[in-house]
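Contents: one structure, followed by commentary.
Protein chains: 2
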Amino acid sequence: MLLPLTKPAPRADGMEGCPVHALRKRLRTARLRPTRQRVALGWLLFGKGHRHVTAEMLFDEAKSVRSPVSMATIYNTLHQFTRAGFLREIAVEGAKAYFDTNPLPHSHFLIEETGALLDIPANALPAFHAPKAPEGYEIDRVELVIRVRRARRGRQ
Amino acid sequence: MLLPLTKPAPRADGMEGCPVHALRKRLRTARLRPTRQRVALGWLLFGKGHRHVTAEMLFDEAKSVRSPVSMATIYNTLHQFTRAGFLREIAVEGAKAYFDTNPLPHSHFLIEETGALLDIPANALPAFHAPKAPEGYEIDRVELVIRVRRARRGRQ
DNA sequence: TTACGTGCAAATAATTTGCAGTCCC
DNA sequence: GGGACTGCAAATTATTTGCACGTAA
Numbered sequence: 230m231l232l233p234l235t236k237p238a239p240r241a242d243g244m245e246g247c248p249v250h251a252l253r254k255r256l257r258t259a260r261l262r263p264t265r266q267r268v269a270l271g272w273l274l275f276g277k278g279h280r281h282v283t284a285e286m287l288f289d290e291a292k293s294v295r296s297p298v299s300m301a302t303i304y305n306t307l308h309q310f311t312r313a314g315f316l317r318e319i320a321v322e323g324a325k326a327y328f329d330t331n332p333l334p335h336s337h338f339l340i341e342e343t344g345a346l347l348d349i350p351a352n353a354l355p356a357f358h359a360p361k362a363p364e365g366y367e368i369d370r371v372e373l374v375i376r377v378r379r380a381r382r383g384r385q
Numbered sequence: 230m231l232l233p234l235t236k237p238a239p240r241a242d243g244m245e246g247c248p249v250h251a252l253r254k255r256l257r258t259a260r261l262r263p264t265r266q267r268v269a270l271g272w273l274l275f276g277k278g279h280r281h282v283t284a285e286m287l288f289d290e291a292k293s294v295r296s297p298v299s300m301a302t303i304y305n306t307l308h309q310f311t312r313a314g315f316l317r318e319i320a321v322e323g324a325k326a327y328f329d330t331n332p333l334p335h336s337h338f339l340i341e342e343t344g345a346l347l348d349i350p351a352n353a354l355p356a357f358h359a360p361k362a363p364e365g366y367e368i369d370r371v372e373l374v375i376r377v378r379r380a381r382r383g384r385q
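Protein chains in written order, with our numbering: chain R, 230 to 385; chain U, 230 to 385.
In structure tokens:
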């Protein structure tokens with residue numbers, strides 16, 4: 230939001246600039262018909278650097294650019310994009326689900342006052358060794374969220 | 230649940246055995262009147278090793294031991310206990326909130342198939358250095374959840 | 001043409017709230 | 001006795017579903 234901490238990383242998925250035709254192709258590859266709604270949402274999601282969005286944020290954004298889409302379609306699309314590997318769903322607190330346009334494994338700061346998410350730059354987080362999974366289980370993914378709050382009196 | 234991975238750690242909060250009078254005292258210290266409902270829920274929560282419960286689990290348990298408590302009271306009590314430092318709320322996926330009777334910082338395995346939480350034994354997780362918080366912010370807490378799933382064909 | 005998509009409205013799920021009545025100090 | 005607490009039911013919030021209609025291939 231206000232913090233310069235996360236200069237949008239260059240996209241690792243070959244969708245830079247994301248001209249509409251590339252997006253349509255990408256949708257087709259995922260066996261998703263490039264409908265007006267999906268293209269509009271894809272454009273909003275992937276058109277400008279990585280983002281963390283909620284269904285509601287995307288709904289409002291679509292409306293504000295005159296491509297209104299129903300909530301049902303927002304949810305359908307977010308889940309289809311997630312299944313296709315374009316997005317990653319992030320479980321934070323509360324009922325609200327976040328979707329991250331960077332599907333690669335990485336960690337987040339959660340600003341407690343606003344509920345905003347911030348990528349933690351890979352170089353800011355020393356690698357750590359995940360523990361062995363319990364007997365009979367295997368690790369699917371590691372979710373690290375560091376909850377931060379405004380420091381009192383500007384220190385820290 | 231079935232896994233021997235987490236032998237309930239000895240309680241660090243002086244509530245071993247948790248005789249009712251100690252619980253009542255503890256509630257009073259937190260400026261919570263030791264009502265029938267709060268004592269019953271405290272007994273269920275703290276009476277036997279550490280646990281990860283949802284509001285619904287606690288509701289059902291209270292009913293099953295013939296101390297039925299309304300959902301509103303379950304939620305009130307869980308939040309009051311959390312504010313008092315007896316519990317820690319854990320944000321996992323989905324709308325459902327978990328409350329951990331171990332309020333000290335520690336991490337969890339999430340069994341994806343069942344949604345069950347498992348403490349990660351401190352010695353199984355090498356310490357790692359948290360990154361510096363963004364400018365103007367300070368770290369409140371670190372939440373690490375390692376999502377695991379059944380390994381295919383018994384291997385790991 | 002026709003299977004896939006979309007939008008609406010109603011349904012769910014988890015949680016919160018308002019308030020009349022109850023109980024602890 | 002009086003304020004803190006509880007229970008009920010209705011309200012909220014986030015999300016899902018069912019189904020008639022629309023639209024891309």
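Positions of the beta carbon are idealized from the N, C-alpha and C atoms, including for glycine. For clarity, every value in this text was computed on a predicted model and none was experimentally measured.
Residue i to residue j span [Cα, whole Å]
i                 : j                 : result
Gly-271 (chain U) : Arg-260 (chain U) : 14 Å
Asp-289 (chain U) : Met-300 (chain U) : 10 Å
Leu-274 (chain R) : Ile-349 (chain U) : 36 Å
Leu-347 (chain U) : Glu-318 (chain R) : 22 Å
Ala-251 (chain U) : Arg-257 (chain U) : 10 Å
Asn-331 (chain R) : Leu-316 (chain R) : 6 Å
Asp-369 (chain U) : Ile-375 (chain U) : 20 Å
Gln-266 (chain R) : Ala-320 (chain U) : 32 Å
Ala-291 (chain U) : Val-298 (chain U) : 7 Å
Gly-314 (chain U) : Lys-277 (chain R) : 42 Å
Ser-293 (chain R) : Glu-364 (chain U) : 32 Å
Ala-345 (chain R) : Thr-302 (chain U) : 31 Å
Tyr-304 (chain U) : Ser-296 (chain U) : 16 Å
Ala-362 (chain U) : Ala-380 (chain R) : 10 Å
Leu-287 (chain U) : Asp-329 (chain U) : 12 Å
Thr-306 (chain R) : Arg-253 (chain R) : 14 Å
DSSP three-state assignment for residue i, whether helix, strand or coil
i                 : result
Phe-328 (chain U) : strand
Thr-264 (chain U) : coil
Phe-315 (chain R) : coil
Arg-295 (chain U) : coil
Val-374 (chain U) : strand
Arg-381 (chain U) : helix
Ile-368 (chain R) : strand
Ala-351 (chain R) : helix
Leu-397 (chain U) : Summary: the structure shown does not reach residue 397 (chain U), with chain U confined to residues 230 through 385, and so no result is reported for it.
Phe-357 (chain R) : coil
Leu-339 (chain U) : strand
Ala-301 (chain U) : helix
His-281 (chain R) : strand
Ala-362 (chain R) : coil
Ala-251 (chain U) : helix
Supposed contact pair residue j and residue i - C-beta distance, whole angstroms, cut 8 Å
i                 : j                 : result
Tyr-366 (chain U) : Arg-280 (chain R) : At roughly 20 Å, the Cβ-Cβ gap does not stay under 8 Å, so Tyr-366 (chain U) and Arg-280 (chain R) are not in contact.
Pro-248 (chain R) : His-358 (chain U) : The pair is not a contact, with the Cβ atoms about 42 Å apart (cut-off 8 Å).
Ala-353 (chain R) : Pro-360 (chain U) : 4 Å
Buried versus exposed call for residue i [16 or more other C-beta atoms within 10 Å across all chains shown]
i                 : result
Glu-372 (chain R) : buried
Arg-255 (chain R) : buried
Ala-196 (chain R) : Absent from the structure is residue 196 (chain R), since the part of chain R shown begins at 230 and ends at 385.
Three or more beta-carbon pairs under 8 Å between the stretch 331 to 349 of chain U and the stretch 331 to 344 of chain R, yes or no? no
How about the stretch 304 to 318 of chain R and the stretch 249 to 266 of chain R: do they share at least three Cβ pairs that are nearer than 8 Å? yes
Pairs of beta-carbons, one from the stretch 317 to 330 of chain U and one from the stretch 282 to 289 of chain U, closer than 8 Å: are there three or more? yes
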